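Novice:
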Amino acid sequence: MNIRQLKFFCQTSLTGTFSATARDEGVTVQAVSKSIHELEGEVGGPLFDRSAPPRARMRVSPTPGERTKRRPRAARSSSRHTEAAMTRIAIVTGASSGLGAELVRQLAEGTFGPLDQIWTVSRHARQTSPLVRPFALDLTDPASFDALEDALRETPGARVVLLANNAGFGTFGDFADMPAPDNAAMARLLMLAPVELTYRTLPFMGPGSRVLNVSSVAAFMPQPQLATYSAAKRFVLDFSRALDAELGDVDIHVTALCPRFMRTAFLDHAGANDVAARMSRLTGFEDAGRVAERGLAAARAGRALCIPSASMRALYLATKLLPYPLALAAERALMG
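Here the sequence shown stands for residues 22 to 357, where the numbers follow the numbering used here.
1. Just the Cα atoms here: how many angstroms apart are P329 and A335?
2. Could you spell out the range, first to last residue, of the beta strand (DSSP E) harbouring R231?
3. Is the beta carbon of M237 sitting closer than 7 Å to the one on C279?
4. Do you know how far the Cα of A239 is from the Cα of P346?
5. Taking C-alpha atoms, which residue in K254, G194 and A106 lies nearest to P177?
6. Could you spell out where the beta strand (DSSP E) holding A208 opens and where it closes?
7. Rounded to whole angstroms, what is the Cα-Cα separation between D159 and L184?
8. What separation, rounded to the nearest whole angstrom, lies between the Cα atoms of V275 and A348?
9. From P135 to A354, what distance separates their C-alpha atoms?
10. Since Q138 is in the beta strand (DSSP E), which residue starts that stretch and which ends it?
11. Output yes or no for whether 7 Å exceeds the beta carbon distance between F256 and Y337.
12. Start and end of the beta strand (DSSP E) containing F190?
13. Mind pulling the beta strand (DSSP E) runs of 3 or more residues that sit fully within the stretch 325–352?
14. When you compare only the Cα positions, how much space is there between A205 and D167?
15. Just list the residues that DSSP pairs I110 with in beta bridges.
16. Below 6 Å CB to CB, which residues in the same chain sit around S261 once its five sequence neighbours on both sides are set aside?
17. Which residues does DSSP pair with E314 in a beta bridge?
18. For A266, tell me which candidate among P245, A248, D171 and V232 has the shortest Cα-Cα distance.
19. Which two residues bound the contiguous beta strand (DSSP E) that contains R154?
20. Please classify G131: is it buried, with 16 or more other beta-carbons within 10 angstroms of its beta-carbon, or exposed?
21. On a Cα-Cα basis, can you pick out the residue from E307, L268 and L210 that is closest to D162?
22. Need the endpoints of the beta strand (DSSP E) that T276 sits in, please.
23. Using a threshold of 6 Å, is the CB atom of F225 nearer than that to any non-hydrogen atom of the ligand ADP?
24. Would you mind sorting P224 into buried or exposed? The rule is 16 or more other CB atoms within 10 Å of its CB.
25. Around the C-beta of F196, are 16 or more other C-beta atoms found within 10 angstroms, so that it is buried, or is it exposed?
26. According to DSSP, M283 sits in a beta bridge with which residue or residues?
27. With distances taken from CA atoms, which of T149, V153, V182 and L120 is nearest R281?
28. Give every residue of the same chain whose Cβ lies closer than 7 Å to the Cβ of F133, excluding the five residues on either side of it in the sequence, and list them in chain order.
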């Protein structure tokens, strides 16, 4: 879906086919205008093509009375090591191919600043750079979290400057027809793994550390025939933004990265090719290298949300403004 289609969709939703329903739900032109400005600041870029530069995202600092008295675990533990003794580590999960491999490549090239080690986590460990320390782990197995935490404890002066929670998979099709192990594995890999890894690495973070959680445009609204995956990615989005608000005072920021589909191994295993094809007609495909570049830049800048595609920022706006039945009807019409 391109910008013109999305603009037309938003306009007709308010003034055309869906106008009666929109009015019933309290959607007004004034609300749209206000939300556009607010959401542009939130995503750090324009929702529609125009020559004006993107608006800077604004962060409102809490008043002293609003600050919690107990500082985050990361802040309490960050003074253990001096700057000179630190081993600067980036951890990337799902690193064997696709977006994960691109993140590792760009990190090794210095995109995120100087690093001493890049820890890559995947089912099949490969050392692709002198900086890379590979871990062959299955993140659906709780023992993998213990293994990574133990490795950090054994590393002198370990400082995690970046945790990129990228591992995941999804399956298309009706929920009732899914093999039971698939739904359980998706829940563990897409939701439990980022929570566990973030919690276990926080004591090894400090001011300037970043977490990059890979969500998806599927998180913007519930997706039939992708029910578990879209719900899990919504969890990642909400978890990331809440954690960013908690940790921002100590200069640790969490970024939710919401890309479109990419031509990676993800679609080779997703199943239900007809559903995948129709979804890709709606969103289009995105280049994994570009997504990695935008995601790392957003994380380094401390932005809470990164939607690399302009058209998907417009979709994000539409799903914010329109009632779910209306948005779902429009999505189905555009998918054909």
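The C-beta atom is built at its ideal place from N, Cα and C for all residues, glycine as well.
Just so you know, these numbers come straight off a predicted model, no measurement behind them.
Specialist: Let's see:
1. Cα to Cα, the separation comes out at about 11 Å.
2. Run containing R231: R231 to V235, per the beta strand (DSSP E) assignment.
3. Sequence check: residue 237 is Ser here, not Met. Between S237 and C279, the C-beta gap is smaller than 7 Å, which places the two residues in contact.
4. Rounded to the nearest angstrom, the two C-alpha atoms are 16 Å apart.
5. Looking at the Cα atoms, A106 is the closest of the given residues.
6. Boundaries for A208: no beta strand (DSSP E) harbours it, while the alpha helix (DSSP H) harbouring it runs A201 to A208, taken from the DSSP string.
7. D159 and L184: Cα-Cα distance of roughly 17 Å.
8. Roughly 28 Å between the two C-alpha positions.
9. In a straight line, the C-alpha of P135 is about 48 Å away from that of A354.
10. Element bounds for Q138: Q138 to S143.
11. Contact annotation: F256 and Y337 have beta-carbon atoms that are not nearer than 7 Å.
12. Per DSSP, F190 lies in no beta strand (DSSP E) segment and is marked neither H nor E.
13. Qualifying beta strand (DSSP E) stretches: none in this window.
14. Computed Cα separation, rounded: 21 Å.
15. Q138 and V181.
16. Scanning its chain for C-beta atoms nearer than 6 Å, with the 5 sequence neighbours on each side dropped, one finds around S261 the residues N234, V275 and A277, in chain order.
17. Residue pairing of E314 in beta bridges, as defined by DSSP: absent, with no partner found.
18. Closest by alpha carbon: V232.
19. Run containing R154: V153 to A157, per the beta strand (DSSP E) assignment.
20. Looking at its Cβ environment, which holds fewer than 16 other Cβ atoms inside 10 Å, G131 is exposed.
21. Nearest of E307, L268 and L210 to D162, Cα basis: L210.
22. Note, T276: beta strand (DSSP E), H274 to L278.
23. The ligand content of the structure shown is nil, which means the ligand ADP is not present either.
24. Label assigned to P224: buried.
25. Answer is exposed; the Cβ neighbour count stays below 16.
26. Answer by DSSP bridge pairing, in chain order: E307.
27. Scanning T149, V153, V182 and L120 for the CA closest to the CA of R281 turns up L120.
28. For F133, where only same-chain residues beyond five positions count, the Cβ hits under 7 Å are A111, L183, L317 and R321.
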